[in-house]
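J.:
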Amino acid sequence: MSPAFVSVEDLVIAYGDVRAVDKVSFGIAAGEQVTLLGPSGCGKTTTLRAVAGLERPRDGRILIDGKPAFDGSTGLDAPPEKRNLSMVFQSYAIWPHMTVFENVAFPFRVRGRPTAELKPAVDKALELVDLARFAHRPATMLSGGQQQRVALARAVAFGTKLVLLDEPLSNLDAQLRLQMRNELADLRKRLGFTALYVTHDQEEAFSLSDHVVVMRGGRIEQAGQPQEIYRNPRTRFVAEFLGVRNIIPCALASGSDEARLEDGTVLRGRDVEPDAPAEAPAIAFRPGDVRLDDQPGPGQGGSGIVTRSLFVGDVQHVFLRSGPVGLCAHVRPRPGLEEGKTLFWRVAPEDCLILRK
1 MSPAFVSVED LVIAYGDVRA VDKVSFGIAA GEQVTLLGPS GCGKTTTLRA
51 VAGLERPRDG RILIDGKPAF DGSTGLDAPP EKRNLSMVFQ SYAIWPHMTV
101 FENVAFPFRV RGRPTAELKP AVDKALELVD LARFAHRPAT MLSGGQQQRV
151 ALARAVAFGT KLVLLDEPLS NLDAQLRLQM RNELADLRKR LGFTALYVTH
201 DQEEAFSLSD HVVVMRGGRI EQAGQPQEIY RNPRTRFVAE FLGVRNIIPC
251 ALASGSDEAR LEDGTVLRGR DVEPDAPAEA PAIAFRPGDV RLDDQPGPGQ
301 GGSGIVTRSL FVGDVQHVFL RSGPVGLCAH VRPRPGLEEG KTLFWRVAPE
351 DCLILRK
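Heads up: the sequence shown is residues 1 to 357, going by UniProt numbering.
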C-alpha cells in the first residue's frame, strides 16, 4: 500500500466543551480522492477546514506530503499559504470586480509570481475547463456552472498537488450538477492531483471517490471503498443515510443468519459482523431488491396490504404493511398495485443485510 500523501491522525476540534470533530483519522494516497460524507453538522467541513489551515484543532496531527501541517503535541500550526494546497468553496468565492482571467490569476498575484509564469498557467487552466473564450469577461456575467469552472480553474492553475473541495456542486441544479461531476472527474484524471472532497450527496461521493468516510456527530461511522460501503453498511445510521429504506427490527437466532420479524416472517441475510453484540438487531434491504406478485412464489418473503402506491415515472413506490411490519418496494409501474390490495413480496438472502446496531 502506498504511503499517505495526506494523513489525519486523532484529530480533535472543539468549541468550548462541544467536540465538533472527535478523534478522526484517515489517509489519502497520492493522486486519489477521499470524500467525507454525512449530514449537516457531522463535522465533515470542519475537518476539511482544519486540513486547509482555516480551523485550529485542539489535538491530533495533520501531515501533507510527509510534512507536518499541524501537531497538537508541539503546537505547530502551519498557515494555509504554507500548506501547498488549493480550495474550492461551496459559494465559489469569485471576486465580482475581477474578470475571469484575473480571478484565476489571483493565487499567483498574492504570491508575487511574475507575469511570465502567470499567463501561460492561467491560459492552460482556462482551456482545461473550457473557459478560454471568456477570459476577459466580468466573472459576474457567467452562469453558476461557469462560475464553478472558474473556481476549479483557480484551484488547479497554480499546480498544487492537493485540492480541497467543500460541497462544490451543491448550488447547481440537478442536470448541471451531473455535468460538472463528470467534468471534475475528468479534470482530476488528467491532472492527477490528490483531493479531499466534502458532500452530503451519496451519489456524488460514490461516483467521484476512491474511498469514502461516512461521518456522524464528529466521528467516523464507517470508511472504505464506495462499493464496499454501499454493499455492506455496518450500522443502521449508515444504511439509512445510504438509502436503505427497509430496516426492520428482528430477533436473531444465536449462531444463525436467520432473522425473525414481528409478524413471524423469517428472512436469511448476510451477517457482516457475526461476532458483534446484537445491540439493536434489524434486517435491511433496499426497495429496489423487493419483488411483488399477486400469488405466493418461491423464495423468502411474506405478504402485506398496500397502504400507499406512488407513481414517480419509471418506478412505482409501493408501501405494504403486515401487522407491525412495514416495507417499501420500488417496481416497474403496472396494474394491480393499488391501495388496499394484498400482494406477496420476496427478497433474496444475498440482498438482505443483518444489522446489529
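Cβ coordinates follow ideal geometry from the N, Cα and C atoms, glycine included.
Remember, it's a predicted structure, so these values are computed and weren't measured experimentally.
Just list the beta strand (DSSP E) runs in the stretch 124-179, keeping only unbroken ones of 3 residues or longer that don't cross its boundaries, in chain order.
T.: If we require 3 residues or more, the beta strand (DSSP E) runs fully inside the stretch 124-179 come out as 162-166.
J.: Please work out which residues of its chain come closer than 6 Å, Cβ to Cβ, to N232, disregarding the five sequence neighbours upstream and downstream, and give them in chain order.
T.: Residue mapping note: residue 232 aligns to position 232 of the sequence shown, counting from 1. Result list for N232: V272, in chain order.
J.: Using beta-carbon positions only, say whether G323 and M215 come within less than 7 Å of one another.
T.: Residue numbering aside, residue 323 sits at position 323 when the sequence shown is read from its first letter. Residue numbering aside, residue 215 sits at position 215 when the sequence shown is read from its first letter. For G323 and M215, no; Cβs fall outside 7 Å.
J.: Would Q147 be called buried (16 or more neighbouring beta carbons within 10 Å of its own) or exposed?
T.: Locating residue 147 in the sequence shown gives position 147, counting from the first residue. Burial call: buried.
J.: Given this structure, state the Cα-to-Cα distance separating M1 from H97, to the nearest angstrom.
T.: Reading the sequence shown from its first residue, position 1 is the one you call residue 1. Reading the sequence shown from its first residue, position 97 is the one you call residue 97. Per-residue confidence for M1 stands at a pLDDT of 49, beneath the threshold of 50, marking its modelled position as unreliable; no derived number is given.
J.: From the DSSP output, read off the bridge partner residues of K82.
T.: Position 82 of the sequence shown, counted from the start, is the residue given in the question as residue 82. The partner list for K82 (beta bridge, DSSP) is empty, contrary to what the question assumes.
J.: Between the Cα of residue 358 and the Cα atoms of I247, E228 and Q227, which residue gives the shortest distance?
T.: Examination of residue 358 is not possible in this model, given that the chain is present from 1 through 357 alone.
J.: How is P96 classed by DSSP in three states: helix, strand or coil?
T.: The residue labelled residue 96 in the question sits at position 96 within the sequence shown. The answer is coil: DSSP assigns P96 none of H, G, I, E or B.
J.: Can you tell me which of V213, S207, K357 and L208 puts its alpha carbon nearest to the alpha carbon of A280?
T.: Walking along the sequence shown from the start, residue 280 turns up at place 280. Answer by Cα proximity: K357.
J.: D77 and R61: beta carbons closer than 7 Å?
T.: The sequence position of residue 77 within the sequence shown is 77, counting from 1. The sequence position of residue 61 within the sequence shown is 61, counting from 1. Their beta carbons are not under 7 Å apart, which means D77 does not touch R61 by this criterion.
J.: Would a C-beta distance cut-off of 7 Å place V315 and A329 closer than the cut-off?
T.: Your numbering for residue 315 matches position 315 in the sequence shown. Your numbering for residue 329 matches position 329 in the sequence shown. Their beta carbons are not under 7 Å apart, which means V315 does not touch A329 by this criterion.
J.: Checking the sheet assignment: what are the DSSP bridge partners for I13?
T.: In the sequence shown, counting from the first residue as 1, residue 13 sits at position 13. According to DSSP, which records beta bridges pairwise, I13 is partnered with V21.
J.: Mind checking who V213 pairs with in its DSSP beta bridge?
T.: Reading the sequence shown from its first residue, position 213 is the one you call residue 213. According to DSSP, V213 bridges with L36 and A223.
J.: My assumption, with CB atoms under 8 Å, is that A157 sits in contact with V104. Please give the rounded CB distance.
T.: Here residue 157 is taken as the residue at index 157 of the sequence shown, counted from 1. Here residue 104 is taken as the residue at index 104 of the sequence shown, counted from 1. About 5 Å; that satisfies the 8 Å criterion.
J.: With distances taken between CB atoms, is the gap from E32 to D173 smaller than 7 Å?
T.: In the sequence shown, residue 32 corresponds to position 32, counting from 1. In the sequence shown, residue 173 corresponds to position 173, counting from 1. Cβ distance not < 7 Å, so E32 and D173 don't count as in contact.
J.: Given 6 Å as the limit, tell me if T99 has its C-beta closer than that to any heavy atom belonging to the ligand PLP.
T.: This structure simply doesn't include the ligand PLP, nor any ligand for that matter.
J.: Tell me the DSSP secondary structure of G27 in three-state form.
T.: Residue numbering aside, residue 27 sits at position 27 when the sequence shown is read from its first letter. Correct three-state label for G27: strand.
J.: Just to confirm, are I13 and E55 a CB contact at a threshold of 7 Å?
T.: Your numbering for residue 13 matches position 13 in the sequence shown. Your numbering for residue 55 matches position 55 in the sequence shown. Taking 7 Å as the Cβ cut-off, I13 and E55 qualify as a contacting pair.
J.: By the DSSP assignment, the beta strand (DSSP E) with R291 in it spans what residues?
T.: Start at 1 with the first residue of the sequence shown, and residue 291 comes out as number 291. Looking at the DSSP string, the run of the beta strand (DSSP E) that includes R291 is R291 to D293.
J.: On the DSSP bridge assignment, give the partners of G218 in chain order.
T.: Numbered from 1 along the sequence shown, position 218 holds the residue referred to as residue 218. Bridge partners of G218: none, in fact.
J.: Is the distance from the Cβ of V238 to the Cβ of Q222 below 7 Å?
T.: Along the sequence shown, read from residue 1 onward, the residue named residue 238 stands at position 238. Along the sequence shown, read from residue 1 onward, the residue named residue 222 stands at position 222. Contact: yes.
J.: Excluding the 5 residues preceding and the 5 following R268 in the sequence, name in chain order all residues of the same chain whose CB lies nearer than 8 Å to its CB.
T.: Within the sequence shown, numbered from 1, the residue matching residue 268 stands at position 268. Counting only Cβ-Cβ distances below 8 Å, and skipping sequence neighbours, we find D257, E258, A259, Q300, P349 and C352.
J.: Would you kindly report the start and end of the unbroken beta strand (DSSP E) that includes A239?
T.: For the purposes of this step, residue 239 is taken as residue 239 along the sequence shown, with counting starting at 1. From DSSP, A239 is part of no beta strand (DSSP E) but of the alpha helix (DSSP H) over R236 to F241.
J.: Which one of Q202, G218 and R219 has the shortest CA to CA distance from Q225?
T.: Taking the sequence shown and counting its residues from 1, one reaches residue 225 at position 225. Comparing Cα-Cα distances from Q225 to each of Q202, G218 and R219, the minimum goes to Q202.
J.: With H, G and I counted as helix, E and B as strand and the rest as coil, what does DSSP make of P120?
T.: Looking up residue 120 in the sequence shown gives position 120. Helix.
J.: Evaluate S86 with the Cβ neighbour count: other Cβ atoms within 10 Å of its Cβ, from every protein chain shown; 16 or more gives buried, anything less gives exposed.
T.: For the purposes of this step, residue 86 is taken as the residue at position 86 of the sequence shown. Result: buried.
J.: Please name the residue, chosen from F5, A4, L36 and K23, that lies closest to E204 on a Cα-to-Cα basis.
T.: Within the sequence shown, residue 204 is the residue found at index 204, counting from 1. The residue with the shortest Cα to Cα distance from E204 is L36.
J.: Taking the alpha carbon of D130 as the point to measure from, which residue in E183, S91 and K161 has its own alpha carbon closest?
T.: By 1-based counting over the sequence shown, the position of residue 130 is 130. Ranking the options by Cα distance to D130, first place goes to E183.
J.: Under 8 Å Cβ to Cβ from K341, same chain only, skipping five residues before and after it: list those, please.
T.: By 1-based counting over the sequence shown, the position of residue 341 is 341. Taken in chain order, the residues that qualify are I305 and V306.
J.: Distance, Cα to Cα, P335 vs R177?
T.: Locating residue 335 in the sequence shown gives position 335, counting from the first residue. Locating residue 177 in the sequence shown gives position 177, counting from the first residue. Approximately 35 Å between the Cα atoms of the pair.
J.: For a test of the three-state rule: what should DSSP assign to A44, helix, strand or coil?
T.: Position 44 of the sequence shown, counting from 1, holds the residue named residue 44. According to the sequence shown, residue 44 is Lys rather than Ala. Note: K44 maps to helix in three-state DSSP.
J.: If I follow the unbroken beta strand (DSSP E) through Q316, where does it start and stop?
T.: For the purposes of this step, residue 316 is taken as the residue at position 316 of the sequence shown. Per DSSP, Q316 belongs to the beta strand (DSSP E) from Q316 to S322.
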